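Participant:
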Amino acid sequence: MVENDYINCKNISKKFGEVKALDDINFVVRKGEIHGLLGENGAGKSTLMNILYGLYSPDEGEIIIGGEKTNIKSPLDSIKIGIGMVHQVSTLVPDFTAVENIILGSEGEKFTLPISREREDIIKISEEFGLQFPADVKIKELSAGVKQKIEIVRALYGGATLLILDEPTTSLVESEFQQLLKSLKVFVDKGVTVVFITHKIKEVMEACTAVTVLRKGKVQARVPKEELGVENLVKLMFMEQDIEVTESALPKVNLPEIELSEKPVAQVKNISIIGDDTSPGLKNISFDIFGGEILGVAAVSGNGEKSIAECIIHPTMLDSGEIFIDEKSMKNNSPVEVFANGVFYTPEDRIKEGILNEGSIKENILLGHHQEDRFLKKKIFIDWKEAASAARDVIKEFNVATPDEDLSIRRLSGGNIQKAILGRAFVSPLKLLVTHNPTSGLDISTVEFIFNKLVELRNKGGAVLFVNEDLDELMIVCDRIAVLHDGELKGIFKRSEFDKFKIGLLMIGG
Amino acid sequence: MAQKNKYKSLILSNLIIYGAAIILALGVISIFVAVLGYNVLEALRTLLTTSFKSSFGFSETVKKAIPLLFATYAFTIPFMIKFFNIGGWGQMLFGGTMTVVVGLTLGPLGLPSIVMVPLLLLVGIISGGLFALLAGFLKAKYDINPIISTIMLNFTAYQFVNFIATSNIFRDPNEGHPITRRLSESSLMGFFGEIPASIILAVIAIIIVYLIMKKTRLGFEITAVGHNLTASETYGINFSKTIMVAFFIGGALAGLGGSLEMLNIHGKLIEGFAKTSGAQYGVFGILTSLVVAGNPLAVPLAAFFMSVLLVGADSLQRTMQIPVEIVFLSQAVIVMFIVIIRERYGKGIK
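If you read the protein sequences in the order shown, they are chains H and L.
The letter at position 318 of the first sequence is residue 318 when you use this note's numbering, and the numbering goes up by one with no holes.
The letter at position 250 of the second sequence is residue 760 when you use this note's numbering, and the numbering goes up by one with no holes.
#1: Identify the contact partners of K725 (chain L) in chain H, using a Cβ-Cβ distance below 8 Å as the criterion.
#2: Check whether chain L comes within 8 Å of E353 (chain H), counting only Cβ atoms and requiring the distance to be less than that.
#3: Which bits of chain L does Q514 (chain H) rub up against, with CB to CB less than 8 Å?
#4: Can you check whether the C-beta of E358 (chain H) is within less than 8 Å of a C-beta belonging to chain L?
#5: Could you please give me the residues that DSSP links to T435 (chain H) through a beta bridge?
#6: Using 8 Å as the limit for Cβ to Cβ distance, is A544 (chain L) near chain B?
#7: Could you tell me the boundaries of the alpha helix (DSSP H) in which Q148 (chain H) lies?
#8: Any residues in the stretch 141–157 of chain H with a beta carbon nearer than 7 Å to a beta carbon of chain L? Which ones, in chain order?
#9: Let's see if you can read the secondary structure: which residues bound the beta strand (DSSP E) around D682 (chain L)?
#10: Output needed for P280 (chain H): all residues of its chain with C-beta closer than 7 Å, excluding positions within five of it in sequence on either side, in chain order.
#11: Look up Y6 (chain H) in the DSSP assignment and say whether it is helix, strand or coil.
#12: Should I274 (chain H) go down as buried or exposed, given a rule of 16 or more other Cβ atoms within 10 Å for buried?
#13: To the nearest angstrom, report how far apart V837 (chain L) and L820 (chain L) are at their CA atoms.
#14: Does A808 (chain L) have its Cβ less than 8 Å from a Cβ in chain H?
#15: Can you pull the chain L residues whose beta carbon is under 7 Å from the beta carbon of G368 (chain H), in chain order?
#16: Just to make sure I have the definition right: I need the residues of chain H whose C-beta is within less than 7 Å of the C-beta of T740 (chain L). Which are they?
#17: Along chain L, which residues have their Cβ under 7 Å away from the Cβ of V477 (chain H)?
#18: Check the Cβ of V336 (chain H) against every Cβ in chain L and list those closer than 8 Å, keeping chain order.
#19: Contact defined as beta carbons within less than 8 Å: I believe Q827 (chain L) pairs with P833 (chain L). What is the distance between those atoms, to the nearest angstrom?
#20: Would you call the stretch 768–785 of chain L and the stretch 603–621 of chain L in contact, with 3 or more CB pairs under 8 Å?
#21: Measuring straight from C-alpha to C-alpha, what distance separates L621 (chain L) and N655 (chain L)?
#22: Among residues of its own chain, excluding the 5 on either side of L92 (chain H), which ones have a beta-carbon nearer than 7 Å to its beta-carbon?
#23: Mind checking G795 (chain L): buried by the 16 CB within 10 Å criterion, or exposed?
#24: Could you tell me which of H:R350, H:M507 and H:K216 sits nearest to T523 (chain H), measuring between CA atoms?
#25: Three Cβ pairs or more, each shorter than 8 Å: is that satisfied between the stretch 722–734 of chain L and the stretch 648–664 of chain L?
#26: Measure the alpha-carbon distance for S90 (chain H) versus V268 (chain H) and round it to whole angstroms.
#27: Please state if the CB of A387 (chain H) and the CB of F375 (chain H) are separated by a distance shorter than 8 Å.
#28: Does the Cβ-Cβ distance between A531 (chain L) and F847 (chain L) come in under 8 Å?
#29: Quick one: does H776 (chain L) have its CB under 8 Å from some CB of chain H?
#30: At the 8 Å Cβ level, is F339 (chain H) part of the contact set with chain L, yes or no?
#31: Nearest-angstrom Cα distance between T786 (chain L) and P810 (chain L)?
#32: Comparing the C-beta of L554 (chain H) with each C-beta of chain L, is any distance below 8 Å?
#33: Please name the residue or residues paired with S623 (chain L) in a DSSP beta bridge.
#34: With C-beta atoms as the reference, is M602 (chain L) less than 8 Å away from G768 (chain L)?
#35: Using DSSP with H/G/I as helix, E/B as strand and the rest coil, what is G292 (chain H)?
#36: Am I right that H436 (chain H) and P315 (chain H) are in contact with their C-beta atoms under 8 Å? What's the rounded C-beta distance?
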């Protein structure tokens with residue numbers, strides 16, 4: 001054993017039913033590392049960390065922490081020995097303030113109020129680690145980035161010396177990610193070791209001092225800092241798959257020159273939505289989308305990008321202005337009436353907004369098309385045969401990994417759910433696809449697949465409004481990029497004018 | 511096919527869940543019966559077999575099962591979109607009362623049975639539906655929690671029954687109790703032997719509920735809203751419309767149940783009808799719905815099973831002097847065990 005091995009997971013195996021999630025894993029983290037745990041979706045990253053955190057128990061193998069064999073039975077045990085985990089999905093109570101959330105479940109004097117002393121401690125920790133946040137605002141009023149800071153502080157307040165961050169960047173924008181990077185360095189200086197779970201090679205390259213690559217439940221390699229390289233990591237992650245990648249470790253796609261449609265598919269004219277506490281609204285925005293182009297919308301999360309995506313489908317959200325599809329006004333139309341004009345939508349949060357999670361794939365594919373004549377008999381009865389055949393087409397065209405269309409959709413992986421949601425948009429003739437963050441949290445091969453589907457639609461003369469948090473992705477696949485900040489349109493750039501620095505600056509209001 | 515296997519395993523898991531829950535519940539009941547000093551085996555036999563031992567027992571079971579079926583639907587259908595209709599009882603009362611009001615008013619016209627009965631049933635359906643729609647509307651328009659509005663409407667309906675049953679126009683002057691005059695013969699429904707004719711409407715209702723929920727766009731929209739409101743709205747389903755329709759359907763079925771009680775069982779409006787074994791059908795309906803996790807397709811079976819227990823409990827009281835409350839205990843225990851086992855060991859009914 002090497003002197004400074006801090007965490008040593010030996011020969012860990014874990015099965016879920018017939019599926020081997022982890023197969024004889026050996027995983028070592030040294031003190032003071034920012035250790036990347038890299039792998040595709042379903043490679044076993046989260047399972048391994050959940051074992052370390054005590055949420056699952058391994059079928060085989062042992063965990064040695066600080067040289068001692070430990071038996072972690074529950075998160076309580078792991079917190080006691082200094083392991084803190086920040087989950088992918090926020091676990092904060094929305095109606096409590098940050099301070100209340102952090103105190104909740106922490107050891108110490110119980111049932112004593114007021115909490116001024118704890119409050120001071122918490123604020124001290126947050127300042128010490130450079131993780132400032134509003135301490136007395138209810139969680140539900142805060143952005144994803146701030147919530148994450150609070151979760152990290154909660155772990156540190158609980159005495160964590162090992163911090164596990166599960167896909168911490170899923171809901172962060174570039175500037176928040178940079179902030180997180182800075183904090184990580186502070187952690188290390190203060191003696192906290194970090195495990196950083198991600199499927200994004202770019203982040204590992206920027207953040208980590210060592211990386212373990214998982215693939216299909218097995219450790220591919222432990223890569224020290226000196227050997228970290230995009231090509232190297234891609235090869236380890238995907239082995240036989242042959243994906244061409246760009247410098248930012250994103251899939252390359254081909255954007256052939258094609259003719260734009262003569263008339264715009266959609267015209268957005270002077271639309272405004274009055275802002276409120278949660279959203280800046282939209283301020284007098286106008287643009288056109290033509291057939292044969294992918295128009296990106298780049299924005300830091302919370303700058304009106306959700307409104308832009310939604311208002312096309314829900315024109316009644318608009319306080320003023322008008323949206324035209326094929327020169328036909330959509331004013332006061334319901335989503336169903338908008339869909340009838342060849343428009344479809346894939347929402348930002350695929351689980352919360354996109355699917356009926358207790359429903360089958362078939363029912364989910366039907367959702368949004370259930371009012372179309374094609375799927376109705378005598379206007380009121382649903383033609384389930386037709387729905388099944390449409391679902392089978394989607395499964396085939398979009399490579400959804402499932403035995404049949406009757407499987408419950410929640411049993412699919414995130415990537416397959418997203419493919420099904422995207423596939424649903426193509427069930428009926430599609431002129432304009434509005435898609436919001438379709439690639440978030442997905443691995444590179446699924447991202448490539450989704451990009452290619454968008455480009456396919458574009459090449460056939462369809463239009464895509466691609467609202468996305470990741471500027472790198474937009475620059476790969478868009479013909480034009482519109483930049484949104486604080487509900488205002490800051491400019492639209494053609495492909496030849498793409499400049500990451502310039503667009504990035506506009507996104508943050510510069 | 512995968513489909514076939516899925517159903518097979520679903521049936522199997524349901525059998526296990528319900529079998530285990532019932533056995534456990536019977537065990538708990540046995541303990542109580544034994545502690546109270548009665549003969550356990552005889553008590554269990556009475557509880558479970560009274561319905562099947564005599565034609566009287568069976569017809570009594572059917573008579574309870576029919577209103578219970580409708581009360582259960584009243585809760586189940588709004589529950590599909592995750593809203594609680596506590597007002598099944600009130601909707602039943604209102605539907606039944608309106609049936610009697612219209613029936614007594616039209617009585618002197620001497621219309622034939624073929625006109626009167628369908629007309630009065632329609633009155634029950636529509637008035638029950640509208641009464642529940644009120645709660646749906648209050649939710650859709652003013653975001654008022656249907657639990658509160660339906661409870662309030664229960665009181666309203668209860669007082670409405672009293673109002674009609676004591677009013678000079680409708681009340682029976684020969685009765686000391688708030689009871690209306692009897693409906694004319696042409697308004698009443700008959701029996702097949704001892705089985706009430708309303709069973710035909712129960713069967714029709716079962717078929718219609720099945721068709722609506724499984725085959726129509728409306729059923730799909732209700733299911734979708736229940737699964738995920740946000741996604742449903744994103745993809746163009748109108749929540750306000752869906753909740754109002756769901757409450758209307760639930761209330762309409764309860765109203766029909768109340769109407770059938772009038773036309774087939776009582777023949778007149780009696781203060782505080784729609785009760786059995788001392789408790790009102792609304793509560794039993796909620797309980798019965800929870801037994802099958804709000805699955806509308808499983809409601810008929812559950813309603814029949816619960817009626818078997820109700821009849822068994824009445825018989826326990828008559829023959830063994832075991833208090834009828836034992837049935838509330840047994841039903842509560844069964845529901846609890848089913849919920850626990852289902853949450854713990856699998857999903858079962860879906």
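Even for Gly, the Cβ is constructed at its ideal location relative to N, Cα and C.
Please read these numbers as outputs of a predicted model, since none were measured by experiment.
Facilitator: Let's see:
#1: To locate residue 725 (chain L), count along the second sequence from 1; it is residue 215. Going along chain H in sequence order, the residues near K725 (chain L) (Cβ under 8 Å) are F381, I382 and W384.
#2: Here residue 353 (chain H) refers to the residue found at position 353 of the first sequence. Chain L, which has a Cβ nearer than 8 Å to the Cβ of E353 (chain H), makes this yes.
#3: Only positions 1 to 510 of chain H appear in this structure, which leaves residue 514 (chain H) out of reach.
#4: Here residue 358 (chain H) refers to the residue found at position 358 of the first sequence. Yes, contact with chain L.
#5: What you label residue 435 (chain H) is simply residue 435 of the first sequence in a count that begins at 1. DSSP output for T435 (chain H) lists H:T346 and H:F466 as bridge partner(s).
#6: The question asks about chain B, but that chain is absent: this structure's protein chains are H and L.
#7: Locating residue 148 (chain H) in the first sequence gives position 148, counting from the first residue. Under the DSSP assignment, Q148 (chain H) falls in the alpha helix (DSSP H) whose first and last residues are A144 to Y157.
#8: Only those residues of the stretch 141–157 of chain H whose C-beta falls short of 7 Å from the nearest C-beta of chain L would be listed, and there are none.
#9: Residue 682 (chain L) sits at position 172 when you count from the first residue of the second sequence. Where D682 (chain L) is concerned, there is no enclosing beta strand (DSSP E), given that its DSSP letter is neither H nor E.
#10: Translated into positions along the first sequence, residue 280 (chain H) becomes position 280. Same-chain partners within the cutoff: N303, G304, D486 and G487.
#11: Counting from 1 along the first sequence, the entry for residue 6 (chain H) is found at position 6. Of the three classes helix, strand and coil, the one that applies to Y6 (chain H) here is strand, per DSSP.
#12: Reading the first sequence from its first residue, position 274 is the one you call residue 274 (chain H). By the Cβ-count criterion, I274 (chain H) is exposed, with fewer than 16 other Cβ atoms from all chains shown falling within 10 Å of its own Cβ.
#13: Position 327 of the second sequence, counted from the first residue, corresponds to residue 837 (chain L). Position 310 of the second sequence, counted from the first residue, corresponds to residue 820 (chain L). Going by C-alpha positions, V837 (chain L) is about 6 Å away from L820 (chain L).
#14: Residue mapping note: residue 808 (chain L) aligns to position 298 of the second sequence, counting from 1. With 8 Å as the cut-off, A808 (chain L) does not count as an interface residue toward chain H.
#15: Position 368 of the first sequence, counting from 1, holds the residue named residue 368 (chain H). Within chain L, Y745 and G746 have C-beta atoms less than 7 Å from the C-beta of G368 (chain H), given in sequence order.
#16: What you label residue 740 (chain L) is simply residue 230 of the second sequence in a count that begins at 1. Under the 7 Å cutoff, chain H gives K352 and E353.
#17: Counting from 1 along the first sequence, the entry for residue 477 (chain H) is found at position 477. Contacts between V477 (chain H) and chain L, judged by CB atoms closer than 7 Å, are missing: the closest CB pair is about 23 Å apart.
#18: Within the first sequence, numbered from 1, the residue matching residue 336 (chain H) stands at position 336. Chain L residues near V336 (chain H): G746.
#19: Position 317 of the second sequence, counted from the first residue, corresponds to residue 827 (chain L). Position 323 of the second sequence, counted from the first residue, corresponds to residue 833 (chain L). The Cβ separation is near 6 Å, so the contact holds.
#20: With a cut-off of 8 Å, the stretch 603–621 of chain L and the stretch 768–785 of chain L count as touching, because enough Cβ pairs lie within range.
#21: Counting from one through the second sequence, the residue named residue 621 (chain L) turns up at place 111. Counting from one through the second sequence, the residue named residue 655 (chain L) turns up at place 145. Each residue's alpha carbon lies about 42 Å from the other.
#22: Residue 92 (chain H) sits at position 92 when you count from the first residue of the first sequence. Contacts found: N101, I139, K147, I150 and E151.
#23: Position 285 of the second sequence, counted from the first residue, corresponds to residue 795 (chain L). Classification of G795 (chain L): buried, given that the 10 Å Cβ count is 16 or more.
#24: Residue coverage of chain H in this structure runs from 1 to 510, which leaves residue 523 (chain H) outside it and unanswerable.
#25: The stretch 722–734 of chain L makes no contact with the stretch 648–664 of chain L, as fewer than three CB pairs between them are under 8 Å.
#26: Numbered from its first residue, the first sequence carries residue 90 (chain H) at position 90. Numbered from its first residue, the first sequence carries residue 268 (chain H) at position 268. Each residue's Cα considered, the two are about 35 Å apart.
#27: The residue you call residue 375 (chain H) lines up with position 375 of the first sequence. The residue you call residue 387 (chain H) lines up with position 387 of the first sequence. Contact check for F375 (chain H) against A387 (chain H) passes: the beta carbons are separated by less than 8 Å.
#28: Along the second sequence, one-based indexing puts residue 531 (chain L) at 21. Along the second sequence, one-based indexing puts residue 847 (chain L) at 337. A contact, by the Cβ cut-off of 8 Å.
#29: Your numbering for residue 776 (chain L) matches position 266 in the second sequence. False, the Cβ-Cβ gap to chain H never drops below 8 Å.
#30: Position 339 of the first sequence, counted from the start, is the residue given in the question as residue 339 (chain H). Closer than 8 Å: yes.
#31: On the second sequence, residue 786 (chain L) is found 276 positions in, with the first residue counted as 1. On the second sequence, residue 810 (chain L) is found 300 positions in, with the first residue counted as 1. Near 18 Å, if we compare the C-alpha coordinates of P810 (chain L) and T786 (chain L).
#32: Outside the displayed span of chain H (1 to 510) sits residue 554 (chain H), for which this structure offers no information.
#33: Within the second sequence, residue 623 (chain L) is the residue found at index 113, counting from 1. According to DSSP, S623 (chain L) bridges with nothing at all.
#34: Taking the second sequence and counting its residues from 1, the one referred to as residue 602 (chain L) is at position 92. Taking the second sequence and counting its residues from 1, the one referred to as residue 768 (chain L) is at position 258. Yes, these two residues count as a Cβ contact at 8 Å.
#35: Working through the first sequence from its first residue, we reach residue 292 (chain H) at position 292. Correct three-state label for G292 (chain H): coil.
#36: The sequence position of residue 436 (chain H) within the first sequence is 436, counting from 1. The sequence position of residue 315 (chain H) within the first sequence is 315, counting from 1. With 8 Å as the limit, H436 (chain H) and P315 (chain H) do not qualify as a contact, their Cβ atoms being about 17 Å apart.
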